[in-house]
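Residue numbers (UniProt numbering): 1 to 221.
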Amino acid sequence: MADLKDPHRNTNGINGHLSNDHTTPPPSSPNAWSTPGSAAFDFRSDTVTTPTASMLAATQNCTLLDDVFREDPTTLSLESHIASLTGKDAALFVISGTLGNQLSVRTHLGGPPHSILADARSHVIAWEAGGIATLSGAMPIPVTPSNNHHLTLTDIRTHAILDTDNHFAPTRLLSLENTLGGTILPLSDCRSIATWARKQDPPIKLHLDGARLWEACDDVF
Ligand SMILES: Cc1ncc(COP(=O)(O)O)c(C=O)c1O
């Protein structure tokens, strides 16, 4: 087992990662990390934008200890940083956005019958291979925002299934996404949706796909 007091253990990775530390010099010869090219400015998707040399440096400096035993400083530090940034009790590092969504959705729900209401364009509805149906046994309720921009409480009240009659799949989760397709779901709408959801009996759970949350709240962070 690793000695946590070992002075030679590398514990500085997380600082390099989160503080955007540029102190590690870029590779001496130009490569795809140091000269990202035109893709760096291609915002069609995160699959075409390119990482930077400082991201590579952070990766090289991260610790490589065991996360199952909760002994990896980089992972622990990242999780506690994100928990405090978002005001949550805890955070869990997962290796993809899809995994984060599916785990979160599954964790929020009990067993069917139940439904999940989300924007019709959202990643959980449109881009996750029907995972909410297969992994959570949930009926998706895809909603097209009536303002053609973002979901509002009015949309949600119109489409949520609150009736618990045996014929229905009551809405147990609202899955929001911010940003969605480059548009911001305003904080005031998030708040009124959350307030309403928490007042229901039983309260309706809330999930936020925040794959691009940083883009939505530049000022806050
Ligand atoms: C809003 C949103 N959620 C989830 C994902 C899925 O992330 P990943 O590709 O890491 O599974 C993406 C990917 O682009 C996304 O844009």
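The beta-carbon is built from N, C-alpha and C at its ideal position, and this holds for glycine as well.
Distance cut-off 7 Å: residue i Cβ against heavy atoms of ligand 1
| i | result |
| --- | --- |
| D201 | no |
| R157 | no |
Assigned secondary structure, residue i (DSSP; H/G/I helix, E/B strand, else coil)
| i | result |
| --- | --- |
| P140 | strand |
| L85 | helix |
| T107 | helix |
| R121 | coil |
| L4 | The pLDDT assigned to L4 is 38, lower than 50, so where the model puts this residue is not dependable, and the model offers no usable value. |
| K205 | strand |
| I193 | helix |
| L92 | coil |
| I161 | coil |
| T183 | strand |
| S34 | coil |
| L78 | helix |
| R172 | strand |
| E177 | strand |
| S115 | strand |
| R212 | coil |
| S45 | coil |
| Q60 | helix |
| T50 | coil |
| T98 | helix |
Cβ-Cβ separation, residue j to residue i (assumed contact under 8 Å), whole Å
| i | j | result |
| --- | --- | --- |
| T59 | D67 | Incorrect: roughly 15 Å between the Cβ atoms, too far for contact. |
| L176 | L185 | 6 Å |
| D189 | H150 | 6 Å |
| A53 | S34 | 5 Å |
| P97 | A211 | Reading off the sequence shown, one finds Gly at residue 97, where the question assumed Pro. Right, their Cβ atoms sit about 4 Å apart. |
| E71 | L65 | 5 Å |
Proximity test, residue i beta-carbon vs ligand 2 heavy atom, cut-off 7 Å
| i | result |
| --- | --- |
| H123 | What this structure holds is ligand 1, not ligand 2. |
**Asked** Touch check for the stretch 173 to 193 and the stretch 206 to 218: three-plus C-beta pairs under 8 Å?
**Response** Here the stretch 173 to 193 lies against the stretch 206 to 218, with 3 or more beta-carbon pairs under 8 Å apart.
**Item:** Contact the stretch 138 to 150 vs the stretch 113 to 126: 3+ CB pairs below 8 Å
**Value:** yes
**Prompt:** Which residues have a Cβ closer than 7 Å to any heavy atom of ligand 1, listed in chain order?
**Reply:** S45, D46, T47, S96, G97, T98, L99, N101, H123, W127, E177, L180, D209, A211, R212
**Message:** Taking 8 Å as the cut-off, does the stretch 110 to 123 touch the stretch 149 to 169 (at least 3 CB pairs, one atom from each stretch)?
**Reply:** Cβ pair count under 8 Å is three or more, so yes.
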